[in-house]
Every structure is written in structure tokens, then in C-alpha cells.
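In my numbering, the protein residues as written are -8 to 269.
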Ligand SMILES: Nc1ncnc2c1ncn2[C@@H]1O[C@H](COP(=O)(O)OP(=O)(O)OP(=O)(O)O)[C@@H](O)[C@H]1O
Ligand SMILES: [Mg+2]
């Protein structure tokens, strides 16, 4: 595991951290965000007044049961959906549309362009959105594909790759854009357990090398503890902030502290809805 494990227990804060005057300013600020889907017949409230701050190099995890609005929150941060209430800002600018400063990696294996090779897939947004020259785009694409151990598959087409390899291409494509924040929506959820663990380890190793900022969605408590340094716990539908867990990377699988934290988070997530939270 990338993070240094100590015996110190992570702290579970009952309410989300507000602005912290001692820390550096937030890279991403989600402030009182309510997200609704309006169809002809009904209005579905996906999240209600959710607030959190992501700082540079955070591995910030959104954790909550199915339907609590995790993907919806990620879509809104990505600029694909506007809040009905509240504000999302990145580096102080309100998010109003998608941009290359926020790259998304999805759960589905079919997020690659089937008619392009692995190298072509990673180069595509570099040419299209970043407007790099072919030479610069290829250099950057090769660099990040090497980081996810795919140098041998540069000329392969997506349909010839395993699920894990496809996800690594998608991660390389996102990282090659060098976004301010990488948005990952359950990127390993559809993988078998062994491949999932390998991909988690690789992601942490990558983080160790480049210290990128990631907003990671999962509904696996174990994955949240393994990946995150901070975890936001969301209540069932509609998603509200139940608690924020900080110092998660201090929980160690070897001294039992990760197991204790897992049980604590489980209890918090499945406790009766006590209402009244932010
Ligand atoms: N396009 C849509 N139109 C209407 N309602 C939607 C739409 N997409 C999601 N919802 C509703 O919004 C709520 C939150 O959905 P969302 O997909 O964000 O949950 P999630 O936390 O990502 O769940 P999961 O863990 O299953 O992926 C759910 O009640 C869902 O039914
Ligand atoms: Mg989802």
C-alpha cells in the first residue's frame, strides 16, 4: 500500500469539514449542492445539500449505498449537470460545463473508441481537446501507458483486451490529460477480485509517483479505505453527508486498525437516518 501506515487511529468527524483556515485552499469546493432529475412526470432528488472540499493530492472517496447519488455528484463535478441549489467551484471558478481540467473514468469497459488502438485512444483527447502536435501527443500517451504497464499493448484494439486492461487504458487516457482532478466512478467494480486488487495497487503506485488529485466513487467500504485518504459517507437516497472520515491512510491492514475502521464506517452507513445533517 502506498500510504505510510501508523498506529494512529483515523478520526471520524460527525459533520463535514467546513472551510479550514489552516489548510491550503480547496482545489474543488462542493458547497450545499442539491441535484435533481426532472422528468415530465416526477422530480427525483439525488443529493441534498452536500458539501465537501477536495485539496490538491487528495484521494477523496465518496462512499454510500446504491442510489445515494454518488454518480450524480461526479457528473455535476464533471460539468454534465447543474445543481438546483448550491455551487461547485474548481480553483475558485464555478463549474458550468465539462472541461479538460476534469477527466472522468467510468465503470463500464466500453468507454474506449473501438476503432482506435490503445495508443490512438490515449492520444485522441490530447489531439482533440489539448491540441497537442502528433509528436507531443504520442510521447505523452506512451509515457502514461508505460505507467499503467501497457507498453506491450500499444497497437491492440479494445475488443482484444481484458476488462482490467481496458480500465488501465481509460486511466492512462485520463491521466495523460494531466487534469486538475481525475473523477473515477467505480472504475474497478466490474473486475474480478484479483484484477481489482492489482488495479487498486497500481493506482496507489501511480499516485505515489505523481500525487494527482482524485475523486473516487465506490460502494465498497474496503476499497474506500484502501484507496482514500479522506472518505465522505453519504446516507441512502437522497444522499446527504453523514460523516467525513479523515486520516484514512493511517489505518493499517496489519495492526487491525483498517478492520476496526471498516466496522465503524459500516455502523455509520447503516445506522438509522438521524436526519439534521448538512
Ligand atoms: N437520468 C436519470 N433520471 C432520473 N433519475 C435518475 C437518473 N439517474 C439517476 N437517477 C436517480 O438518482 C438517484 C441517484 O442515482 P445515482 O446513479 O447517482 O446513484 P449512485 O449512488 O451512483 O448508485 P450506484 O451505487 O448504484 O451506482 C437514484 O434514485 C436514481 O434512480
Ligand atoms: Mg453510480
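C-beta atoms are modelled at their ideal positions from N, C-alpha and C, and glycine is treated no differently.
Given the structure is predicted, the values throughout are model-derived calculations rather than measurements.
Problem - For residue 111, the nearest candidate out of 125, 69, 259 (CA to CA) - result: 125
Problem - Cα-Cα separation between residue -6 and residue 86, rounded to whole angstroms - result: Note that residue -6 scores 31 on pLDDT, short of 50, meaning its location in the model is unreliable and no value can be drawn from it.
Exercise for the section: May I ask whether a heavy atom of ligand 1 can be found less than 7 Å away from the beta carbon of residue 30? Expected result: yes
Exercise for the section: Would you check whether ligand 1 has a heavy atom nearer than 7 Å to the C-beta of residue 61? Expected result: In terms of side-chain proximity, the C-beta atom of residue 61 is found nearer than 7 Å to a non-hydrogen atom of ligand 1.
Practice task
Can you check DSSP and say which residues form a bridge with residue 84?
Solution key: 81
Practice task
Count the other CB atoms, across all protein chains shown, that sit within 10 Å of the CB of residue 187; report buried if there are 16 or more and exposed otherwise.
Solution key: buried
Problem - Any non-hydrogen atom of ligand 1 closer than 7 Å to residue 226 Cβ - result: no
Exercise for the section: Would you decide whether residue 185 is buried or exposed? Buried here means 16 or more other CB atoms lie within 10 Å of its CB. Expected result: By the beta-carbon neighbour count (other beta carbons within 10 angstroms, threshold 16), residue 185 is exposed.
Problem - Check: residue 35 C-beta below 7 Å from any heavy atom of ligand 1 - result: Result yes, Cβ under 7 Å from ligand 1.
Exercise for the section: Spell out whether any CB of chain C is found under 8 Å from the CB atom of residue 30. Expected result: Within the model displayed, chain C is absent; a lone protein chain is all it includes.
Practice task
Note down the Cα distance separating residue 94 from residue 143, rounded to an integer number of angstroms.
Solution key: 25 Å
Problem - Enclosing beta strand (DSSP E) for residue 37 [first to last residue] - result: 34 to 45
Handout entry: Within the stretch 150 to 233, ranges of the beta strand (DSSP E) (whole runs, at least 3 residues)
Key = 172 to 176, 205 to 209, 221 to 225
Exercise for the section: Grab the span of the alpha helix (DSSP H) containing residue 72 for me, first residue to last. Expected result: Residue 72 -> no alpha helix (DSSP H), and no H or E assigned at all.
Exercise for the section: Identify every residue that forms a DSSP beta bridge with residue 93. Expected result: Residue 93 pairs with 172.
Handout entry: Selected residue, minimal CA-CA separation from residue 23, among 174, 76, 100
Key = 76
Problem - Cβ neighbour criterion (16 or more within 10 Å) applied to residue 120 - result: By the 16-neighbour rule on beta-carbons within 10 angstroms, residue 120 is exposed.
Problem - Spatial distance of residue 62 from residue 107 (CA atoms) - result: When rounded, the distance between both Cα atoms is 27 Å.
Exercise for the section: Please name the residue in 114, 205, 228 whose C-alpha comes closest to that of residue 38. Expected result: Of the listed residues, the one whose Cα sits closest to residue 38 is 228.
Problem - Endpoints, the beta strand (DSSP E) within which residue 120 is located - result: For residue 120, no beta strand (DSSP E) segment is defined, and its DSSP state is neither H nor E.
Exercise for the section: Can you give me the Cβ contacts of residue 70 inside the same chain, cut-off strictly under 8 Å, excluding the 5 residues immediately before and after it? Expected result: Answer for residue 70: 86, 87, 88, 89, 90, 93, listed in chain order.
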